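These protein sequences, in sequence, are chains X and B.
Just so you know, we're using the working numbering here: the first sequence kicks off at 1 and counts up by one.
Just so you know, we're using the working numbering here: the second sequence kicks off at 85 and counts up by one.
Ideal Cβ positions, reconstructed from N, Cα and C, are used throughout, including at glycine.
Keep in mind the model is a prediction, meaning the values are calculated, not measured.
Quick notes on the structure that follows.
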Amino acid sequence: METFRSAKVDMADFVLVLTSDDNTNVMIGMVAKEYYNVPCVLARVTDPNNSELLSEFGTEIICQTMLAVKNIEERLGFNERDEE
Amino acid sequence: MRIVLIAGTEVAYHLSRRLQDKGHQITIVDKDEEFCEVLAKRLKKATIINGDGSKRHVLEQLELNVDDLFVALTPNDQNNLIACMLAKKVFKLNRPIALVNDPDNIKVFRKIGVSAVVSPTEILSRAIEDSLFREQITNLIPNSERLSMFRVEMDEDSPAVSKTLKDLELPKDSVIGAIIRSDEVIIPGGETTIEADDALIVLSDPSVQSAVFTVLLGEV
């Protein structure tokens with residue numbers, strides 16, 4: 001909270017939350033959105049379940065796991081179609 | 085009804101022991117495998133689960149019921165918040181309770197929707213603050229932020245003794261709600277006189293409480 005204050009988060013237009021800990025990111029994401037009313041908040045998460053929690057608060061989410069899954073899926077998908 | 089504790093800290097252990105004695109069924113979820121085994125040995129009747137209680141897939145295995153009580157006790161505020169949010173949003177528990185280590189986070193928790201918070205730091209500082217007062221004063225609602233309610237015992241030397249209430253210069257936003265005089269309760273009016281050995285029940289705004297003590301007891 002102290003850090004938030006000194007960083008003047010309440011004045012920010014955009015907050016990116018990118019630490020390696022999911023729970024920290026979710027909490028900071030919620031605080032930025034809900035407490036400081038930052039218009040646009042983007043949080044990185046690894047556990048897709050956490051993105052559900054966060055999206056309720058109107059936070060933008062980047063879920064690296066799902067990105068990787070989708071990417072792999074796409075590649076596999078293309079490969080399969082190529083084979084057909 | 086079950087009681088689910090996230091993290092097997094010392095607090096969780098002692099809480100479990102007390103609750104078990106009252107016949108409640110306890111489940112403790114902790115990340116640390118070794119500590120789980122220690123807990124399992126110490127708490128024979130409790131169910132101990134090794135896992136991260138702030139993860140949905142772990143909580144799913146608990147088969148949480150709407151009536152279950154849920155307390156997140158980890159030393160990490162983020163984890164407690166997430167665990168409680170999951171319990172509330174996903175498993176529809178009524179009132180998950182979070183331990184908040186940093187008192188600055190309390191308002192954040194409330195704002196986000198976890199209203200039941202316990203802050204050991206704050207409780208400790210209040211307890212110390214209270215014990216700094218004289219023994220004559222007892223705080224009747226220690227956890228209230230907006231209202232102070234004290235029991236103040238009078239002795240012969242107290243400046244308020246043998247004065248009527250209307251002569252007392254009590255600050256605005258404070259009132260003597262009741263006087264306990266030898267086991268009898270008196271609801272006082274302006275003409276009521278305070279006697280030695282009375283116990284006064286004083287309600288006030290917290291900002292004027294020390295001024296009230298000064299009027300009743302002299303310099304505190």
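Quick one: using the 10 Å Cβ neighbour count with 16 as the cut-off for buried, is residue i buried or exposed?
i	result
residue 84 of chain X	Because the pLDDT of residue 84 of chain X is 46, which lies under 50, any placement of that residue in the model is unreliable, and the number read from its coordinates should be weighed accordingly. So residue 84 of chain X ends up on the exposed side.
residue 284 of chain B	buried
residue 59 of chain X	buried
residue 184 of chain B	buried
residue 14 of chain X	exposed
residue 251 of chain B	exposed
residue 29 of chain X	buried
residue 172 of chain B	buried
residue 180 of chain B	buried
residue 23 of chain X	buried
residue 39 of chain B	A query on residue 39 of chain B cannot be resolved here, the shown segment of chain B reaching from 85 to 304 and no further.
Ordered along the chain, which non-local residues of its own chain (more than five positions away) have a Cβ less than 8 Å from that of residue i?
i	result
residue 101 of chain B	127
Mind checking who residue i pairs with in its DSSP beta bridge?
i	result
residue 40 of chain X	X:14
residue 86 of chain B	B:109
residue 270 of chain B	B:263
residue 232 of chain B	B:288
residue 155 of chain B	B:89 and B:181
residue 277 of chain B	B:248
residue 114 of chain B	B:134
residue 283 of chain B	B:237 and B:264
Closer than 6 Å by C-beta to residue i: which residues in its own chain qualify, once you throw out the five before and the five after it? Chain order, please.
i	result
residue 289 of chain B	257
residue 91 of chain B	114, 157 and 158
The beta strand (DSSP E) with residue i in it runs from where to where?
i	result
residue 262 of chain B	258-265
residue 131 of chain B	131-134
Name the two residues that bound the continuous alpha helix (DSSP H) containing residue i.
i	result
residue 295 of chain B	293-301
residue 122 of chain B	117-126
residue 147 of chain B	Where residue 147 of chain B is concerned, there is no enclosing alpha helix (DSSP H), given that its DSSP letter is neither H nor E.
Counting only the same chain and skipping the five closest in sequence on each side, list residues whose C-beta sits under 7 Å from that of residue i.
i	result
residue 25 of chain X	17, 19, 43, 44 and 45
residue 296 of chain B	254, 255, 258, 286 and 288
residue 280 of chain B	238, 239, 240 and 245
residue 12 of chain X	38
**Request:** Would you mind listing the beta strand (DSSP E) stretches within the stretch 24-75 of chain X that are 3+ residues and don't spill past its ends, in chain order?
**Result:** 40-45 and 60-63
**Request:** List in chain order: all unbroken alpha helix (DSSP H) runs of 4+ residues lying wholly within the stretch 170-236 of chain B.
**Result:** 190-196 and 204-216
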